[in-house]
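Note sheet for the following structure.
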Amino acid sequence: MKGYKLPVVLSLLGAISGTPGVALADDVFCPPNLGAVTIDGDVLIAAACRLDGTYVKGNVKLYAGGSLVARNNVRIEGSIQAERSNFVDVADSSVNGNIQLDDLVGDRSIIARSRVGGSIQLKGNRSRLEVQANQVNADVQAFSNTGGVVITDNTIDGNLQCKDNNPIPAGGNNRVQGNKEDQCADLKPEATSPAPAPAPTPTPTPPSSSSGSGDSSGGGGSFDGIVGLAALLLLVTARARRGRAAT
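Read the sequence shown against this note's numbering and you will find it ends at 394, with the numbers running on by one and no gaps.
Right under this line is the structure:
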């Protein structure tokens, strides 16, 4: 391909990557995304990459800025190796080697419902890590992670080892042939935050009635007026009687 410019090469690669059965020799960069093709070498990732039914005879390597989504029975003969990358999301696939995630910085990485021929090794990640319902032929190890680790429903032929993670890993229902060690000796289900209690319904306050208070005030004033008028009539009557008596 000597003489082709890089954009042309990438365009050609993108055109054939979705063609089933096509074999791409040597190492391949992703993106562009790869479909149901065979890669004879490694897949190298430094941006957002999706593998969909891809067969990789070598390794999948992620670098800073790279992220991986692998779906639909992706098969990797080697390992997945990610260091200082964004995230890794692998489901319903197989990796004959190891899955090694070191110093990931994305929000969440997932390994689910997959077969791993080697170990799953998680070290120094600030991403949340979820390892769920996998068949792992060797160990699962989680060391010095700070984004949270959940390990549930896995079948692990080796050991389950967790150390120096903060927070402590959560999970359960793992079938482990070897030992469960340190923080993973007795995993507990992940705590869920309780729903906030509903605010109490305020006691209804009867509306104040200006007419009621006015009526009350007015009633008192009318009574006082009647009493005063009666006293005045008594006074006039008394004077009239004295006047008649004098005559």
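Glycine residues also receive a C-beta, built at the ideal position from the N, C-alpha and C atoms.
Take the Cβ of residue i as the centre, count every other Cβ of all protein chains shown within 10 Å, and call the residue buried at 16 or more, exposed below.
| i | result |
| --- | --- |
| P316 | buried |
| T320 | For the sequence presented, residue 320 should be read as Asn rather than Thr. It is exposed - the Cβ of N320 has fewer than 16 other Cβ atoms within 10 Å. |
| N233 | buried |
| D189 | buried |
| S360 | Any reading at S360 must be qualified, since the residue scores a pLDDT of 45, below 50, and its modelled position is unreliable; no value is offered. |
| L381 | exposed |
| T201 | buried |
| G212 | exposed |
| D400 | With the chain running from 148 to 394 in the structure shown, residue 400 is simply not present. |
| K335 | exposed |
| A289 | buried |
| A229 | buried |
| A332 | exposed |
| P179 | buried |
| A338 | exposed |
Identify the residues that DSSP records as bridge partners of residue i: which are they?
| i | result |
| --- | --- |
| E328 | Q308 |
| G318 | I298 |
| K270 | D249, F290 |
Starting from residue i, follow the beta strand (DSSP E) in both directions and report where the run begins and ends.
| i | result |
| --- | --- |
| V287 | 287-290 |
| E277 | 275-279 |
| N237 | Checking the sequence shown, residue 237 turns out to be Val, not Asn. Segment 234-238, the beta strand (DSSP E) holding V237. |
| R260 | No beta strand (DSSP E) contains R260, which DSSP labels as neither H nor E. |
| L248 | 246-249 |
In chain order, which continuous runs of the beta strand (DSSP E) of length 3 or greater are located wholly inside the segment 167-231?
175-177, 190-192, 195-199, 207-209, 214-218, 227-230
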